[in-house]
Amino acid sequence: MASTSEQWGARPEDWDHFDLVLGLGCDLLPVVSNPGAVIDKDSKLKELGKTPSLYNRQRQVTGIAGWTDQQSSDKDITRWAAEPDYGICVQTREVRALDIDVPDAALAGVICEFIAEQGLPELPVRRRDNSGKCLLAFRLAGEFAKRKMVVDGGIIEFLANGQQFIAVGTHPSGARYAWQGGLPWEIPELTEDQFDTLWSALAERFATEEVRSAGAVVPRKRGDNVQVADPVAAYLEENDLVLSKARDGSLVVQCPWEDQHTTGNTGDGSTVWFPAGMNGYDRGHFKCLHGHCDGRNDSDFFTAIGYVEDISEDFEPLPVVVRADGKAEKPLPPFERDKSGEILARVNNVAMALRRPDFTGMEIRFDKFKDEIVWCPDGAQGEWRAFKDADYVRLRITMERRGFKPIGRDLIRDVVLMVADENAFDTAIMWLSDLKWDGVPRVQTFLSDHFGVEPSDYHKAVSLYMWTALAGRVMEPGVKADMVPVLVGAQGLRKSTAVAAIAPDVNFFCEISFGDKETDLSRRMRGKLVGEISELRGLMTREEESIKAFITRTHEEWVPKFREFQTTFPRRLLFIGTTNKNEFLADETGHRRWLPVTVGKVDVDSIVAVRDQLWAEGRELFKKNQIMFTTAEDLAKEVHKDHIVTDAWDDVIKDWLNTEDALTGQKPADQYGINLQEVLTDALRFDAKSINRREELRAASVLRRLGYEKVDARLNGSVRKIWRKA
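Here the sequence shown stands for residues 1310 to 2035, where the numbers follow the working numbering.
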């Protein structure tokens, strides 16, 4: 068995490509691609090179437990990229794939051609030399189950949530995986309708058996049918929701989301309820075969048909606090009740109850810092915890045991949100406001005291900016703080550990990469005070304008769980960069955003020892001076010169700009403007067909260093981007 390369796995630049260029860092995992590796005898891994795996300390291969829930960090990717045997797995929770598992190269080619003819964006194709099998990747938002289609000589499989594919590495046969045309520079996004149309077209053209999704209705083979009471089945019968009864005992029902189906008819057996006791199962189960209903669960079905499940036996109720001070308990709110005295499950009744911690056993508030609902037990001052799904259930149980009629899931969620919004507060402001400063100045000498730098006016100014910005973003959410201190020094100095130590707790620290999607970054930054741009990841993969816009933004947008509308929250963190590279500034226009500090020996323990005092002093300085940025910005201009990137292309492009054309006698520098295509093809001799985004960004950086700027210009009747001398 021989590899086509000395390296079985992915190269570091391959990891960077899928992480930074494609923005898939969180979804990447390693796979041991060396077919000669040994599987640990205690591992459940059955085969090398096909599922996420790594080496243990004995350099034997083990699987990765719980990999479907893993969110990989920048440090994970840096570590994995250093192991030449590790290939790249992509979890298919954002990028999906059609796996054409058809060994016949001719038939697989016909299927790929058919897909290409469906009017969709061109999908990147991954192959391997010794097989006709191939894989097509695309983005598809939402939650989806896998699907499988049997075709002549093989299957077509839709890889969805909970699955993965190998993007780079070596197949167990020894053949390397390869992407047609090289690694993809973008992965197009399909809509749900586009994908459903494509899947249906494939089924009509190639399927040889009935197509089923991972959750399709198939006979359950666990055991024999037993007689068990099923309140759901009784509810369906009582409300005339059962259309017929199938031979196997399942109840054919009308799908509540039938108006979204694109095929089939009412009562055709595609939507059923499996009664409790069927095949030995103690609970019933809803299932619909239609693609639009993939992922619908029993709870969704209950809500849609108006059924309220009795779950009181599955959870312990929250303890109701009884007053021990001898005072009479407050009278109950004026609840609206039915004839038997039970409290009606109506919005106003539920709201009155939730506003009374002595009635529900919990105080509910909204933490504006973390942008989430929190609660604490009644009487437990300050013991705030995030509101989880199980807390809604416990709350319903407590209220129903205190006299409420059954409360629906949607009703309790809506009213909890309303009551929380009525009682909003900010835990970060409370925390920093309560810190007492002892009056000893420490902030101005922070960098020289803890990072081994020589005392200087510049280092003092950066220290003052850093701590007034950190404290300012707590006390005045979203205040402008658009400069980034960057700690420059050799690997192993514990720069990243020191940055994390600035945060009062590890839960208030996060890592940032410019290569990640901004929606992911927005979620990651929520409830954080310190954000490390580790090794300045992604800095060279995005344009300066994009990075400037990201750094200077003061607010983020995202859609919280169980909310219909997008919410905007102010930034509360300061970015701090770390890098081993002395040269990282690409062009003159964006230099003011960066405050480089070359560090020496870093003392993490000493930071932790005085951390609260640094935060408290920063608060006092911010109250007096706001964010102290002016001196740091002015003094940084001289420091920037030592950190500007030098590039072999600089002299080549400069010479080309100042060389007269043999035919016209005109220098490119004297023209009204130039474009990147000219620079890459004429100055650097690139073939136009081989130019990619990385080369464009590099050439643009050179032009900026040479004093050019990108502007809009009208040429031949249309507006185009050109580069002109600033």
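The beta carbon of each residue, even a glycine, is placed where N, CA and C say it ideally should be.
C-alpha gap between residue i and residue j, whole angstroms
i	j	result
residue 2032	residue 1830	31 Å
residue 2004	residue 1516	43 Å
residue 1716	residue 1699	15 Å
residue 1483	residue 1765	58 Å
residue 1729	residue 1674	4 Å
residue 2044	residue 1779	A query on residue 2044 cannot be resolved here, the shown segment of the chain reaching from 1310 to 2035 and no further.
residue 1704	residue 1454	32 Å
residue 1488	residue 1359	17 Å
residue 1842	residue 1887	6 Å
residue 1586	residue 1592	7 Å
residue 1547	residue 1669	33 Å
residue 1323	residue 1485	14 Å
residue 1338	residue 1967	48 Å
residue 1739	residue 1664	22 Å
residue 1561	residue 1567	13 Å
residue 1401	residue 1471	7 Å
residue 1576	residue 1321	55 Å
residue 1357	residue 1383	25 Å
residue 1377	residue 1363	15 Å
Terminal residues of the beta strand (DSSP E) in which residue i lies
i	result
residue 1924	First-last for residue 1924: 1913-1934, but that is the alpha helix (DSSP H), not the beta strand (DSSP E).
residue 1671	1671-1676
residue 2028	2027-2034
residue 1474	1473-1477
residue 1709	Here residue 1709 belongs to no beta strand (DSSP E); instead the alpha helix (DSSP H) covers 1698-1710.
residue 1486	1486-1488
residue 1440	1440-1448
Whether residue i touches residue j by CB criterion (9 Å)
i	j	result
residue 1890	residue 1844	yes
residue 1352	residue 1370	yes
residue 1662	residue 1686	no
residue 1417	residue 1442	yes
residue 1411	residue 1462	yes
residue 1681	residue 1836	yes
residue 1394	residue 1341	yes
residue 1570	residue 1594	no
residue 1319	residue 1476	yes
residue 1542	residue 1584	yes
residue 1325	residue 1399	no
residue 1760	residue 1906	yes
residue 1762	residue 1927	no
residue 1494	residue 2001	yes
residue 1429	residue 1503	yes
residue 1658	residue 1611	no
residue 2035	residue 2029	no
Assigned exposure category for residue i - 16 Cβ within 10 Å defines buried
i	result
residue 1749	exposed
residue 2024	exposed
residue 1781	buried
residue 1406	buried
residue 1691	exposed
residue 1880	buried
residue 1473	buried
residue 2016	exposed
residue 1840	buried
residue 1817	buried
residue 1734	exposed
residue 1649	exposed
residue 1731	exposed
residue 1565	buried
Boundaries (first-last residue) of the alpha helix (DSSP H) holding residue i
i	result
residue 1545	1540-1547
residue 1963	1958-1966
residue 1322	1321-1325
residue 1424	1414-1425
residue 1517	No alpha helix (DSSP H) contains residue 1517, which DSSP labels as neither H nor E.
residue 1829	1827-1834
residue 1614	1607-1614
Any chain C beta carbon closer than 9 Å to residue i
i	result
residue 1790	Of the protein chains in the structure, only one exists, and it is not chain C.
Touch test, the segment 1903-1915 against the segment 1796-1803, Cβ-Cβ under 8 Å, three pairs minimum: yes
Three CB pairs or more closer than 8 Å across the segment 1929-1940 and the segment 1970-1983: no
The segment 1819-1839 / the segment 1326-1343 touching (three or more Cβ pairs under 8 Å): yes
At least 3 beta-carbon pairs within less than 8 Å: the segment 1806-1815 vs the segment 1940-1949: no
At least 3 beta-carbon pairs within less than 8 Å: the segment 1975-1994 vs the segment 1949-1956: no
Any 3 or more C-beta pairs closer than 8 Å across the segment 1365-1379 and the segment 1430-1444: no
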